[in-house]
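Written below as structure tokens is the structure these notes are about.
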Amino acid sequence: MVASVTAEAEYNGPRRSVTILGSTGSIGCSTVDLVSRHPERFRVEALAAYSNVELLARQALALRPRLVAVADPRAGTVLKEALSGTGIVVAVGAEAVVEAALRPAEWVMAAIVGAAGLRPTLAAVGRGAIVALANKESLVCAGDLVMASVRNNGATLLPVDSEHSAIFQVFDPAKLDQVEKIVLTASGGPFRTRDRQAMASVTPAEAVAHPNWSMGAKISVDSATMMNKGLELIEAHHLFRLPEERIEILVHPQSVIHSMVAYSDGSVLAQMGSPDMRTPIAFALGWPERIVAPVLRLDLAAIGSLTFERPDPVRFPSLRLARQALRNGGAAPAVFNAANEVAVQKFLSGAIGFLDIAEIVERTLGLVSGGAPANLEEVLEMDALARRVADSLVGTAIAAR
Ligand code: NAD
Ligand code: MG
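My numbering numbers the first residue of the sequence shown as 30 and each following residue consecutively.
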């Protein structure tokens with residue numbers, strides 16, 4: 030193991046005010062960790078999460094934000110008690126999370142999981158903040174709206190997903206015509222080498238045990254189905270303005286190369302690092318500077334070899350479904366995302382099998398279609414419709430097994 034933290038020269042600049050949406054999650058906790066290590070650089074404006082009041086209260090007592098928002102109405106009383114007498118304002122309900130996003134923090138971490146993150150993300154973008162985007166689902170279900178709002182409101186969107194952070198670090202948007210393609214790397218997840226028959230009976234516990242990354246339950250299942258890479262393909266399309274056919278997926282089990290950009294002269298630029306989300310989060314937190322992150326330093330000699338494979342389209346149909354959703358356009362990406370969210374929850378609760386996830390997504394895509402949503406309300410309507418349809422397919426997915 031190689032020593033981790035290197036000392037940073039004394040920092041005397043202004044403090045950046047930050048808000049963390051989804052602060053109790055995997056990305057949220059890593060962000061809290063980095064912010065806590067740099068009190069000279071950051072001050073916390075607001076924290077928001079769904080229901081883990083115990084952790085939220087601990088974070089609030091340590092970071093002293095002005096506002097703490099908890100989405101679950103049942104959690105409000107306990108949080109208010111835990112923070113009484115501190116001067117920290119406690120707000121409750123889904124609107125409170127949007128209020129947190131609207132607070133005048135210069136920088137906002139959007140780390141709520143799923144389409145639930147869309148409204149707060151749009152709220153932060155709409156007031157022209159620097160938004161560090163972990164919540165890929167909001168770009169998948171409303172990419173055109175989010176990107177238009179970024180442009181219209183002078184916001185800055187910084188990708189936090191490790192692949193998109195990697196590309197952002199080696200991508201020159203002014204030379205878009207000289208970019209041949211981007212290559213998103215994928216670990217392949219815990220079932221990279223399992224045959225389809227064995228996949229049929231994997232348990233939620235096996236699916237969330239990712240070989241390289243420690244993450245929330247939803248994205249862990251998405252990694253196991255490779256739906257995560259499908260979502261990332263759509264995310265990359267919006268962030269880097271490239272058509273689907275110029276975005277390649279490459280399985281790289283060691284998760285050392287986080288993604289690459291191939292230029293017209295044959296050069297391929299990659300970003301590498303240990304698989305620790307604190308590196309891409311630190312990149313976004315410090316941007317445009319770099320700040321010290323306490324991650325394991327990359328030791329390529331110890332790793333020895335890096336390997337690559339093409340993804341298997343038969344065992345991982347989710348990549349084909351994502352490409353299809355992106356090519357179909359209109360409401361298809363929102364339907365794709367919503368159906369997947371429902372299917373993942375059903376799999377985690379034991380209601381359906383692992384292979385049913387992609388099947389429910391494919392069937393929902395076949396049943397629900399529509400034009401491009403023109404505004405947030407239309408996205409949410411499509412999202413709700415696709416959820417109802419996906420939900421109704423759950424019984425039939427079991428019957429088909
Ligand atoms: P997680 O499940 O660990 O955390 C989710 C957070 O969102 C929690 O704080 C939860 O309280 C909050 N939340 C959920 N629903 C909410 C609601 N309705 N209102 C307010 N808050 C709500 O998830 P995670 O792994 O941290 O992932 C967060 C996002 O980042 C996801 O979109 C994921 O795809 C993306 N991402 C995660 C990783 C990772 O390593 N974990 C890597 C890349 C991208
Ligand atoms: Mg990723």
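Beta carbons are placed, not taken as given, at the ideal position from N, Cα and C, and that holds for glycine.
### Query
According to the Cβ coordinates, are A360 and A419 closer than 9 Å?
no
### Task
Would you kindly report the start and end of the unbroken beta strand (DSSP E) that includes I276?
I276 to V280
### Query
Considering only residues of the same chain and omitting the five flanking positions on each side of F197, which have a CB-CB separation below 6 Å?
P188
### Straight-line Cα distance separating R344 from R225
6 Å
### Query
In chain order, what residues of the same chain have a beta carbon less than 7 Å from the beta carbon of K375, not counting five sequence neighbours either side?
I381 and V423
### Query
Among V285, P102 and S167, which has the Cα closest to the Cα of A265?
S167
### Task
Assign F337 to one of two classes, buried (16 or more other C-beta atoms within 10 Å of its C-beta) or exposed (fewer than that).
exposed
### Task
Could you check which residue in P272, S113, L131 and M228 has the C-alpha nearest to that of M255?
M228
### Task
Would you please state the rounded distance, in angstroms, between the beta carbons of L186 and V160? I believe it to be under 8 Å.
5 Å
### Message
Can you determine whether any heavy atom of the ligand NAD sits closer than 8 Å to the C-beta of V142, and answer yes or no?
### Response
yes
### Message
Looking at the ligand NAD, does it come within less than 8 Å of D190, judged from the CB to the closest heavy atom?
### Response
yes
### Message
Please return the same chain residues whose Cβ sits closer than 6 Å to the Cβ of A291, not counting the five positions on each side in sequence.
### Response
E209, K210 and V297
### Query
What do you reckon, are the CB atoms on V231 and S249 nearer than 9 Å?
no
### Message
By the three-class DSSP mapping on this structure, what secondary structure does L377 have?
### Response
helix
### Message
Looking only at its chain, what residues have a beta carbon closer than 7 Å to the beta carbon of G155, apart from the 5 residues adjacent to it on each side?
### Response
S178 and N182
### Task
Taking only the alpha-carbon atoms, compute the straight-line gap between F312 and P362 and give it to the nearest angstrom.
28 Å
### Query
Using the C-alpha atoms, what's the distance from S243 back to E391?
28 Å
### Message
Pairs of beta-carbons, one from the region 73–93 and one from the region 49–58, closer than 8 Å: are there three or more?
### Response
yes
### Query
If you draw a straight line from the C-alpha of E318 to the C-alpha of S378, how long is it?
43 Å
### Message
By the three-class DSSP mapping on this structure, what secondary structure does A360 have?
### Response
coil
### Query
Using a beta-carbon distance below 9 Å, is L271 in contact with chain D?
Among the chains in the structure shown there is no chain D, since it carries only a single protein chain.
### Message
Closest to I56 by C-alpha separation, out of R275, L131 and N164, would be which residue?
### Response
N164
### Query
First and last residue of the alpha helix (DSSP H) that includes K204?
From DSSP, K204 is part of no alpha helix (DSSP H); its letter is neither H nor E.
### Message
Can you check which of these residues, G395, L108 and F71, is closest to P43 by C-alpha distance?
### Response
F71
### Task
Look up V175 in the DSSP assignment and give the residues it is bridged to.
According to DSSP, V175 bridges with nothing at all.
### Query
Helix, strand or coil: which one does DSSP assign to R72?
strand
### Task
Identify whether R326 lies in helix, strand or coil by the three-state DSSP scheme.
coil
### Supposed contact pair I286 and L348 - C-beta distance, whole angstroms, cut 8 Å
About 19 Å separates the two Cβ atoms, so there is no contact after all.
### Task
Leaving aside the five residues before and after N366 along the sequence, list all residues of the same chain whose C-beta is less than 6 Å from its C-beta, in chain order.
E166, V169 and C170
### Query
Do T60 and I389 have their C-beta atoms closer together than 9 Å?
no
### Query
In this structure, does DSSP put V99 in helix, strand or coil?
strand
### Query
Starting from T185 and walking both ways along the beta strand (DSSP E), at which residues does that stretch end?
T185 to P188
### Query
Going straight from the alpha carbon of E128 to that of S46, what length do you get?
16 Å
### Query
Distance, Cα to Cα, A351 vs A322?
33 Å
### Spatial neighbours of E370 in its chain, beta-carbon cut-off 7 Å, leaving aside the 5 residues before and after
G143 and A144
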